[in-house]
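Residues in the sequence shown are numbered consecutively from 16, following the numbering used here.
As structure tokens, the structure follows; a few thoughts come after it.
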Amino acid sequence: MCFADLARLALAFLGAGALEAQGSEAGFLERDLTHGGHRYRYQLYLPAEYPTRTDWPVILYLHGAGERGADGLRPTQAGLGAAIRRAPKRFPAIVVFPQVPPGTQWTGAQADMALAALDRVLGEYRVNADRVYLTGLSMGGHGTWYLAYRHPERFAAAAPICGWTRDLASHGFMEPVVPPEAGPALPALARRLARLPLWIFHGDQDTVVPVEGSRAAVEALKAVSADVRYTEYPGLNHNSWDATYASDAFVTWLFAQRRARR
């Protein structure tokens, strides 16, 4: 047997071992990624039933400002991660939980890092590339708008929760969702996202991110006959994510979406 044949056998053996290890893992798993010269920790959620299927949906989840850090763990402690821990059967999907460092936001290099983590998962696991979903809360809601605007073709649906599309003075400078050269922000946003299914959520008593921003985005999207739903929770302040991720209607809608071929 020649050296090339031996090398192929060794690679095949290693590949089989990697798949076997992959199949034995489940739950919240620690991962890391080097992107742009920086090392990031993130979490990957694999359902216990992962080995039984070959076409798993994938959710990219963007955390809020309170979960920034370098431990890779905090993004799973609120929002979608907490909902999965309460009732894992409700979320039959692989979920990617990237984390931005303190003082940064889901724009620019950090948004690119989130996509790099997603791409790694898409390349390493048995997924359905037409069922990739995007969601996030608060600062992550802004990031959801940001990534959806820049890459609508990548996702089957997006769900921004108490996010915003235009700058908020209280949150400091953020790269805008819609670049200035695109023209008036909301009409440009609506045109760009007209074919991406969206479900937007906000509390009507939100004192952190004004609800008027979500209302205005919804009206702009409706004006171009976009596929948009909107839920405004009466009496809720900033935490509209627990109600959203507890909603059976939302979960059913999300997993029913498939990426449109453009």
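The C-beta atom is built at its ideal place from N, Cα and C for all residues, glycine as well.
Skipping 5 residues on each side, what residues in its chain have a beta carbon closer than 8 Å to that of residue i?
{"i": "Arg68", "result": "Arg141"}
{"i": "His166", "result": "Leu130"}
{"i": "Asp221", "result": "Cys177, Leu251, Asn252, His253 and Ser255"}
{"i": "Ala136", "result": "Going by the sequence as given, residue 136 is Val instead of Ala. Answer for Val136: Leu59, Val73, Ile109, Val111 and Val142, listed in chain order."}
{"i": "Asp86", "result": "Arg56 and Gln114"}
{"i": "Glu64", "result": "Pro107"}
{"i": "Ala203", "result": "Val193 and Ala197"}
Per DSSP, residue i is paired with what?
{"i": "Leu88", "result": "Leu88 pairs with nothing; no bridge assigned."}
{"i": "Phe112", "result": "Gln58"}
{"i": "Leu213", "result": "Ala173 and Val243"}
{"i": "Tyr161", "result": "None; Tyr161 has no bridge partner."}
{"i": "Gly228", "result": "Answer by DSSP bridge pairing: none, since Gly228 is not bridged."}
{"i": "Tyr65", "result": "Paired residue(s): none; Tyr65 is not in a bridge."}
{"i": "Gly218", "result": "Tyr248"}
{"i": "His53", "result": "His50"}
Determine the extent of the beta strand (DSSP E) in which residue i is found, giving its start and end residues.
{"i": "Thr150", "result": "Val142 to Leu152"}
Residues in the same chain with beta-carbon distance under 7 Å from residue i, minus the five sequence neighbours each way, listed in chain order, please.
{"i": "Ala80", "result": "Ser153 and Met154"}
{"i": "Asp143", "result": "Residue 143 is actually Asn in this sequence, not Asp. Asp70, Trp71 and Pro72."}
{"i": "Gly228", "result": "Trp179, Thr180 and Arg181"}
{"i": "Phe270", "result": "Pro72"}
{"i": "Glu247", "result": "His217, Asp219 and Val226"}
{"i": "Ala36", "result": "Unreliable placement is indicated for Ala36, whose pLDDT of 39 sits below 50; no coordinate value is reported for it."}
{"i": "Val115", "result": "Arg83, Trp121 and Gln125"}
{"i": "Ala238", "result": "Ala205"}
{"i": "Ala231", "result": "Leu201"}
{"i": "Trp268", "result": "Trp214"}
In the DSSP assignment, find the unbroken alpha helix (DSSP H) run with residue i in it and report its ends.
{"i": "Phe43", "result": "Per DSSP, Phe43 belongs to no alpha helix (DSSP H); it is in the beta strand (DSSP E), Gly42 to His50."}
{"i": "Val73", "result": "Unbroken run through Val73 is the beta strand (DSSP E), Trp71 to Leu77; no alpha helix (DSSP H)."}
{"i": "Thr259", "result": "Trp256 to Tyr260"}
{"i": "Lys104", "result": "From DSSP, Lys104 is part of no alpha helix (DSSP H); its letter is neither H nor E."}
{"i": "Thr267", "result": "Asp263 to Ala271"}
{"i": "Asp134", "result": "Gly123 to Glu139"}
{"i": "Leu208", "result": "Note, Leu208: premise wrong, no alpha helix (DSSP H); not H, not E."}
Who are the Cβ neighbours of residue i in its own chain at under 6 Å, not counting the five residues just before and after it?
{"i": "Leu236", "result": "Ala205 and Val243"}
{"i": "Val192", "result": "Trp160, Tyr161, Tyr164 and Thr180"}
{"i": "Ala264", "result": "none"}
{"i": "Arg274", "result": "Asp145 and Ala171"}
{"i": "Trp214", "result": "Ala174 and Arg244"}
{"i": "Gln272", "result": "Ala171, Ala172 and Pro212"}
Count Cβ pairs between the segment 72-82 and the segment 126-136 that sit closer than 8 Å; are there 3 or more?
yes
I'd like to know if the segment 202-209 and the segment 250-257 are in contact, where contact means that at least 3 CB-CB pairs between them fall below 8 Å.
no
Hey, is the segment 169-178 in contact with the segment 104-123, meaning 3+ C-beta pairs nearer than 8 Å?
no
Can we say the segment 119-127 touches the segment 149-168, given the rule of at least three CB pairs closer than 8 Å?
yes
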